[in-house]
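Input: a single structure, listed below in structure tokens.
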Amino acid sequence: MNSLQIHPRNIHKTYQNIWYSIRKNIDVDYFFSKLNNEIFNNLVIYDILDGTRTTLTENVHFKIRKELEVPYYCLSLLYTLSVLGAKSCVFLVHTSYNRKRGKIEFERMERVIKKSYKPFKKFLKKHLIRFHCLCLNSSYECIDLLEDLENETKGGTFDAFFIFDYDEEWIKIGKGAELIDILPEIDVFIRHTKFQPSGGWIPGKMKKSSFLYSQNGTTFSNWNLDEIVSLACIALLSKLLNVGESLDKIYPSSKDVYYRYEKRELNLFEKVIYLSKNPQKLCITGSPIGPLRIYY
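One gets this note's numbering by counting positions in the sequence shown from 1 and adding 5 to each.
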């Protein structure tokens, strides 16, 4: 059974097991007070879809068309987040730079949108997920289908924002700035397969966001339920560990300052966590005292 057919009860059970494992394995007193606030209600993830051509996986339990790999990954994460109590999520589908790779590359994206349109709409409507299309190009190749998805899912209670043909220069254009303004504040920025924040930065919406590197590509057959829930949990962990570290940073005491200095500078702190015996996924995030590598 794939993660789009899982009962919400199983998602909650998986989440509880994974979060328990995170707490048990993190074993650093400094982190525990931060972990007591675990709640998905206010978590906003920004996921840059990537690694779709170089992730060569094939699920042996069910067949899936190549064009549906990325759309179904998105639906799987959206469904999981909505079940766990989150209210919104942001995906970057592609940037305007993708067009520079040539006609064949963009025709591939066009096929993905057209092939996934019907199952995408059916799933979103069934699970009350509202589709928001953010695209500055009014003559975008599939704009009619994307606008129809918006109209057909207006009754949704979970907001899913999909950005198409994005360029950081949007912020300098009136209409582009208006589109960016629609987005919620982003808590966690997930970058797949590339350990760098460039290529999808959203000015004004990422002032307090933490960075989470996922070494694995965003194809549906590459992720099982435990791994999707683990990704959501690790994103929440990344947020909690970095709350208050940007813009409104306040050091509570000189003792806290020295503790950070000792862990970060003298001990060169790094935490490695294994959430499963045979991990297939790797995430890396930061904290005020050093990086965490999480295998799951």
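Cβ atoms here follow ideal geometry from the backbone N, Cα and C, with glycine treated the same way.
Item                                                                                                                           : Value
By DSSP's criteria, A91 is part of a beta bridge. Which residues make up the other side?                                       : According to DSSP, A91 bridges with nothing at all.
Alpha carbon to alpha carbon, how far is Y279 from I299?                                                                       : 6 Å
Nearest-angstrom Cα distance between K120 and L73?                                                                             : 7 Å
Output the boundary residues of the beta strand (DSSP E) element that contains D164.                                           : 163-169
Going by C-alpha to C-alpha distance, which of W24, K213, Y301, N272 sits closest to I283?                                     : Sequence inspection shows Asn at residue 283; the Ile mentioned does not correspond to that position. Measuring from the Cα of N283, the nearest candidate turns out to be Y301.
Just mark E250 as buried or exposed, buried being the case when its beta carbon has 16 or more other beta carbons within 10 Å. : exposed
Does the beta-carbon of K123 have 16 or more other beta-carbons within 10 angstroms, so that it is buried, or is it exposed?   : exposed
Alpha carbon to alpha carbon, how far is G295 from L273? Give it in angstroms, no decimals.                                    : 7 Å
Measuring straight from C-alpha to C-alpha, what distance separates C79 and V193?                                              : 16 Å
If you draw a straight line from the C-alpha of Q10 to the C-alpha of V75, how long is it?                                     : 17 Å
Give a yes or no on whether the C-beta atoms belonging to I168 and V95 are separated by under 9 Å.                             : yes
Tell me which residue opens and which closes the beta strand (DSSP E) that H137 is part of.                                    : 134-140
Apart from the five residues just before and just after I239, which ones in its own chain have a Cβ nearer than 6 Å to its Cβ? : C288, I299
Between the beta-carbon of L217 and the beta-carbon of Y171, is there less than 9 Å?                                           : no
Report the rounded CA-to-CA distance for V234 versus T224, giving the unit in angstroms.                                       : 15 Å
Which residue comes first and which comes last in the alpha helix (DSSP H) that contains T19?                                  : 13-31
According to the Cβ coordinates, are L188 and F166 closer than 9 Å?                                                            : yes
If you follow the beta strand (DSSP E) that F194 is part of, which residue opens it and which one closes it?                   : 193-197
So the alpha helix (DSSP H) S38 belongs to, where does it begin and stop?                                                      : 34-40
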